[in-house]
Each structure stands twice: as structure tokens, then as C-alpha cells.
Amino acid sequence: MVEMETKTGKIGPPPFLAAAVERLIPGPRRGLISGDWYESYVSPRGYIRKAARAIPVIVADEVRRTFNLAFVTGEACVLYISFAGARLLPLLAVIAAVIAVLTVREAYLDPARRSQQEAATHGIVGSTAAFLSQVLLGIAAPSLTLPYGMMIRGAAISLMMMSAWRLVFYLKTTPADEPGAARRAVRESYSATRRMNILWVTACIVLIFTSTEAVPATIKGRDFLFVFIPLVVLFVAYRLKLNVPDRTAGMSGPLHLSGDPYKQELSVKRDMLWTPGRSADSGVPWSACLEVLFFVLLALPLCIAVWRWWSGDPAAWLVDWFQVGANFGAFVSLLVLWLYIKRLNRKMVNALQEMIDAANRELQAEQKK
6 MVEMETKTGK
16 IGPPPFLAAA
26 VERLIPGPRR
36 GLISGDWYES
46 YVSPRGYIRK
56 AARAIPVIVA
66 DEVRRTFNLA
76 FVTGEACVLY
86 ISFAGARLLP
96 LLAVIAAVIA
106 VLTVREAYLD
116 PARRSQQEAA
126 THGIVGSTAA
136 FLSQVLLGIA
146 APSLTLPYGM
156 MIRGAAISLM
166 MMSAWRLVFY
176 LKTTPADEPG
186 AARRAVRESY
196 SATRRMNILW
206 VTACIVLIFT
216 STEAVPATIK
226 GRDFLFVFIP
236 LVVLFVAYRL
246 KLNVPDRTAG
256 MSGPLHLSGD
266 PYKQELSVKR
276 DMLWTPGRSA
286 DSGVPWSACL
296 EVLFFVLLAL
306 PLCIAVWRWW
316 SGDPAAWLVD
326 WFQVGANFGA
336 FVSLLVLWLY
346 IKRLNRKMVN
356 ALQEMIDAAN
366 RELQAEQKK
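As numbered in my numbering, residues 6 to 374 make up the sequence shown, in order.
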């Protein structure tokens, strides 16, 4: 009997059962845990019971470890933009379902998998989760489903934007020892930063339009001003934050076709990024002042809605409070993301400037020869 128990303890679970349980274990812990369970295997029933008790705890622990608030906030903004115009409760249902699925999926991924193919898969999984959530809600709570046309439009937009967001946030840099790694890394990082800027501006434009719709105008022409003025302020702030173009790059010495075009390309990329700066004629940080003004204008329709309610204005009954609440959440998210985006732009500008300085040193060394 003792000999039989010893043999049984050395026999692992059936291959199909071991493979199924292994797939349910998050990737970073899969090898270690599945190996331990294999060694302690006694019977299929005990193996399944152990997996049923342990896997939820392991997944929850991995979710806590891999959860990134900035990334999830960006995903929520992307989904809000994709399904803009939807009623609040159906919109929140879609966002919650997609975020939940993608958060759990993140726990199962190998941290090294940050490729473009993985970013595309991320968007596909998110859009599929949105569709499946609508199927389940159509059965359980039809009132929380989105119109078919809006669902198709939102899924298509979110597919592209979630893929781009993941690619930007988890951009994988090229190993420094590869040929041409530095130039390739700069090119990829610059493209990612530019996409981040465009995504943020697009979200602001959507918020501007939906806020004016949620708070109906009582004065003729108000909506035009609430849309036009913030866009002008944003454009002027961006222009003031641009670096002054380096028009003298490569003019102090003889022209080297192999080096100067590369340095000029770096200068143009640096000059197009959104970086802190001051007016050329004044020490006043006008760009920072306009930045604050833009956020004030962005929040103004929401503040008007609150004022109508606070003052007992009859026009408060016309306000779409659900949309106002959703827009307030989007406003806070955009404000938080803006801090990250500015830091990303500043980091990219510093990297480009270092490469420009290196190119200048190489040019000076060639001139001395």
C-alpha cells in the first residue's frame, strides 16, 4: 500500500488537465506554480480543487501588481471618446466591461510582450469585450445596451485608439547594441509622443462639444464662443510652447550631406514638441497662463451647470446631468493625463537635444581634421 501511494504521488495529472490549469495561471507565475502542483499531485479531483481555490487568489494578486492607474485612466478616456454621445449608464457599462477584461488580461501577459502586434491584439480584445458585453446586457438588461450604429462606430474607433494608446504607453525601446539603434529609438519615441499629443487634443475637442450639448445655451451664440475660444487658446498656447526653430543649424561650417540633414531632422522634431517655454520678449510664462486659461474654459460649461442648480435657475432642468457627470470625470482624467504628457514631451526634447549636441561634436571634430 505504501509503495502504491508513493507511485501515485510521483504520477502527474493527465496532460489535458495540466494544460488547462496551466493556461489559467498568469504567465509570470505559470512555470513555478504548475511545477509545484505537479509534484504534489495526488488525484484529479484534488488537483482541480486546489486550482479552483488558488487561481482566483493568484489572479487577484497579479492584477494588483500589474495595475497602472495612468494607463487605465487613459483607456477610460479612449473609450469615452469612442462612444461619445451615448447615454451615461450604457456608456459606463461598456467602459466597465472593457476595463475589467483588459485589466485581467494584463495580469496574464509576460511583461516583455510590448510589441506592435501585442498592441493590436489589445485593441481587438477590447473591442470584442465591448461587443460581448452588449450581447450579455441585451439578455439581462436591454435598457443598458447601446444603439447598433453607435456600437459599430465606437468599436471601430476604440480598436484603433486603444491599440495606439497601449503602443504609446508601453513603447519598447530598441536595444542600444543593435546597429542604428539610437536613431530608430528616437524615431519610435518621437512618433509615440506625437500620437499621445494628438490623442489628448482629440479628447479635449470631444469634451468641448459634448459639454456644450449637455448644458443648453440660454444666450444666442454662446455655444460658438464656448467652442471657438478654447480652441483658439489651445492653438496659441501650443504655438508659444514650440521651440524657436534652429535656422542656423549646420550654417557655421561646411555642409556635410551625411550629417547636417540628420541634425536638421532632429531639430525639427524637437521644435515641434510641446515643451515649457517663455515669450521671446518677456519673462512672463504666457504659455503656462494660457494653459491654465484653457482648462478653465474647458470646465466652464460644467461650472455653469452647477451654478444653475445652486442658484435655482429654471434652466437647470434642461441640463443633462448624467452627461455633465461623465464630462466631469473626463475632465479630471484629461487633467491628470496632461501632467504625464508634458513630462513625456520634456523627456523626448531632452533626448533629441542630446543627440543634436552629439551631432555638433562630431561635426566640430571633422572640421578640426
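We put the CB at the ideal spot given by N, CA and C, even for glycine.
Being a predicted model, the structure only gives us computed values, none of them experimental.
Closest to residue i by C-alpha separation, out of the options, would be which residue?
i	options	result
R50	P19, A146 and A65	P19
D228	I144, A24, L302 and W315	L302
L94	F136, S148 and Y345	S148
F240	P266, F214 and E296	E296
L236	K225, A208, L151 and A222	A208
V354	A81, I309 and V273	V273
T271	L142, A356 and T215	Per the sequence shown, the amino acid found at residue 271 is Leu instead of Thr. The shortest Cα separation from L271 among L142, A356 and T215 belongs to A356.
T217	I129, P290 and C308	C308
R92	L22, L245, Y175 and T150	T150
I203	A23, K225, V109 and L339	L339
V64	D318, D325 and L107	L107
I129	G143, A146 and G159	G159
W326	D318, A310 and R58	A310
K352	A24, S194, V47 and Q139	S194
A161	A146, A105, I144 and A89	A89
D318	T223, L368, L342 and Q372	T223
L164	P266, F233, A145 and T126	T126
F231	W205, R275, Y52 and P306	P306
I213	G226, I234, S196 and K225	I234
L368	F21, P266, G226 and D66	P266
Q358	Y46, R275, R69 and A81	R275
Y46	D66, R28, E67 and A23	A23
R69	L278, Q139 and V109	V109
A81	E371, A363, L342 and K373	L342
F76	Y175, A146 and A293	Y175
S196	A105, M277, A293 and K373	M277
E67	D115, G334 and S48	D115
One question on the structure: do residue i and residue j come within less than 7 Å of each other, judged by their Cβ atoms?
i	j	result
V211	I60	no
L349	T198	yes
I361	K268	yes
A219	V337	no
R200	A169	yes
V83	M166	yes
G32	Y113	yes
A124	R171	yes
R313	A304	no
N332	T215	yes
L245	W291	yes
T375	E111	Given a span of 6 to 374 for the chain in the structure shown, any question on residue 375 remains unanswerable.
G131	V103	yes
Y26	A57	Inspection of the sequence shows that residue 26 is occupied by Val rather than by Tyr. Result no, Cβ atoms of V26 and A57 do not sit closer than 7 Å.
L141	P221	no
F300	V238	no
W205	I346	yes
Name the two residues that bound the continuous alpha helix (DSSP H) containing residue i.
i	result
S52	The sequence given here has Tyr at residue 52, not Ser. P49 to T71 is the extent of the alpha helix (DSSP H) around Y52.
W315	W291 to S316
Y175	No alpha helix (DSSP H) contains Y175, which DSSP labels as neither H nor E.
W326	W326 to K373
L94	L93 to Y113
F88	First-last for F88: undefined, no H or E at that position.
A146	From DSSP, A146 is part of no alpha helix (DSSP H); its letter is neither H nor E.
L29	P20 to L29
Establish whether the CB of residue i and some CB of chain B are separated by less than 7 Å.
i	result
T126	Although the question refers to chain B, the structure presented lacks it and comprises just one protein chain.
Practice prompt. Would you check if there are 3 or more beta carbon pairs closer than 8 Å linking the stretch 135-142 to the stretch 97-107?
Written response: Below 8 Å, enough C-beta pairs join the stretch 135-142 and the stretch 97-107 to call them touching: three or more.
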